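In UniProt numbering, the protein residues as written are 1 to 472.
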């Protein structure tokens with residue numbers, strides 16, 4: 001027994017020694033930089049030397065004072081699935097040394113496509129305990145507290161005790177999400193809420209907005225409505241969400257389940273009031289959500305100034321004006337050519353989501369970044385004149401651009417003034433002359449078809465014309 005203890009002590013000492021040798025060797029061969037040498041934790045000098053090297057890159061970025069702030073904060077992460085596990089993981093790697101990890105659920109095989117650290121050996125274990133196990137290998141000095149529990153009003157004092165500096169809400173259930181956010185507002189705790197990451201795949205559509213702007217996200221929208229109705233909370237909670245529309249529907253339970261009674265279907269619920277059907281998830285998006293949440297928390301705690309572009313707002317009257325302009329423009333073509341197949345809600349979608357309140361010929365992201373956008377000089381018109389004014393055949397242009405576009409695409413031929421020869425005009429000519437613009441428009445309209453489940457055209461055709469869409 002004594003021999004074994006001596007051997008263990010020798011091995012432990014050898015390990016620390018090897019790490020210190022590695023640190024000294026690496027520093028000897030590095031270009032001198034601002035390396036933090038102060039104490040981050042109340043630990044031995046050897047351990048503190050390791051920690052200083054561990055978080056050197058953070059110190060170089062934020063500064064030693066800010067990193068000490070990170071090391072001293074207490075963060076609570078509620079919901080440790082695809083979003084929450086990645087958030088907690090990066091908070092730990094950023095130096096947050098005190099965390100409370102809360103989740104009632106277990107690791108499943110199907111969750112391995114999006115969980116930050118879960119392995120097949122972890123299947124069946126509780127998510128909170130699984131993370132803590134792996135976290136201790138990454139940052140042994142961290143103080144980790146696990147709570148295998150679902151957040152409810154009856155246990156909010158227990159789960160939020162200890163005056164946390166920040167709470168990250170990664171719950172995907174409306175009821176528990178509302179309870180948590182309301183409790184944080186009531187207790188004056190900094191909180192960041194995550195919207196839904198399921199059925200989405202576009203990383204460029206993610207942003208952080210105030211909850212009052214969360215109408216584009218189904219989960220956040222439902223939470224916003226409940227917070228306002230039940231708790232009188234209308235704003236003041238930052239929400240990380242994607243403006244992308246969901247690409248998939250809830251997974252069907254199958255023909256047998258469709259004929260089951262409500263009482264039988266309740267047996268499939270994990271907990272009361274939780275949905276039975278699942279939403280398809282592409283694992284990269286929850287990871288990006290989680291990492292973005294961690295970045296927001298760390299940046300906020302270290303005093304970094306964050307400025308997220310707000311979701312644009314357009315007065316309702318402007319949408320109605322655009323709808324009337326479209327009908328007037330179509331009516332001017334004559335009864336045989338006029339054919340408007342859209343409603344006011346479709347016009348709102350096109351202007352706000354597809355064209356973002358800008359002309360299709362002025363899609364520079366630096367233009368019109370403000371909250372409110374003026375569309376007084378814009379109007380919708382047909383892209384391809386051979387098709388009616390459908391949802392997937394309307395582009396937004398300035399009035400002058402729209403008049404020029406219509407004048408060209410609705411003509412078949414024109415006479416060359418120099419040679420008096422007849423030359424092709426119309427839509428074919430436009431596409432031949434501006435292939436990149438045509439490609440850009442078709443990509444936008446393909447998005448409309450996808451969002452609304454409309455029949456897609458061949459990827460190598462452009463509105464029925466044999467035009468190769470140049471893949472970039």
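Beta carbons: idealized from backbone N, C-alpha and C, even for Gly. The structure presented is a predicted model; accordingly, all values stated were derived computationally and were not measured.
- Residue 385 and residue 341 have their alpha carbons spaced roughly 14 Å apart.
- Residue 375 counts as buried, since no fewer than 16 other beta carbons sit within 10 angstroms of its beta carbon.
- The beta carbons of residue 293 and residue 194 sit closer together than 8 Å.
- DSSP places residue 381 within a strand segment (E or B) once states are collapsed to three.
- If you look at residue 395, you'll find it isn't in any alpha helix (DSSP H); it sits in the beta strand (DSSP E) that goes 394-398.
- Across the structure, residue 116 and residue 431 are spaced so that their CA atoms are roughly 46 Å apart.
- Residue 188 counts as exposed, since fewer than 16 other C-beta atoms from the protein chains shown sit within 10 angstroms of its C-beta.
- Taking residue 94 as the centre and dropping the five residues before and after it, the same chain places the C-beta of 58, 70, 294 and 298 closer than 7 Å to its C-beta, in chain order.
- Between the C-alpha atoms of residue 236 and residue 218 there is a straight-line separation of about 19 Å.
- Short of 6 Å from the beta carbon of residue 146, and not among the five residues preceding or following it, lie these beta carbons of its own chain, in chain order: 101, 128, 129 and 132.
- Remark: three or more beta-carbon pairs, one from each stretch, lie closer than 8 Å, so the segment 198-206 and the segment 236-251 are flagged as touching.
- Residues 200, 201, 202 and 205 of the same chain have their beta carbon placed closer than 8 Å to that of residue 244, with the five preceding and five following residues left out of the count.
- With a beta-carbon spacing of about 28 Å, residue 288 and residue 314 fall beyond the 8 Å limit used to define contacts.
- In this structure, residue 233 and residue 308 do not form a Cβ contact; the two beta carbons are roughly 20 Å apart against a cut-off of 8 Å.
- Under the 10 Å beta carbon count, residue 331 is surrounded by fewer than 16 other beta carbons and is classified as exposed.
- By the criterion of at least three beta-carbon pairs nearer than 8 Å, the segment 79-91 is in contact with the segment 103-112.
- Taking C-beta atoms under 8 Å as the contact rule, residue 392 and residue 454 qualify, at a distance of about 6 Å.
- When the alpha-carbon of residue 437 is set against those of 361, 397 and 452, the nearest one is in 361.
- Of all alpha-carbon atoms in 387, 394, 178 and 66, the one lying nearest the alpha-carbon of residue 343 is that of 394.
- Within the DSSP bridge table, the entry for residue 194 names 240 as partners.
- Comparing alpha-carbon positions, the option among 410, 388, 324 and 378 lying closest to residue 401 turns out to be 378.
- Secondary structure within the segment 274-345: the alpha helix (DSSP H) runs of 4 or more consecutive residues, fully enclosed, are 284-301 and 316-331 (chain order).
- With a beta-carbon spacing of about 6 Å, residue 411 and residue 426 fall inside the 8 Å limit used to define contacts.
- Cβ-Cβ distances below 6 Å link residue 123 to 107 and 109 in the same chain, with the five nearest sequence neighbours on each side left out; the list follows chain order.
- Sequence-distant partners of residue 323 (beyond 5 residues in either direction) whose C-beta falls short of 7 Å from its own C-beta, in its chain, are 344 and 347.
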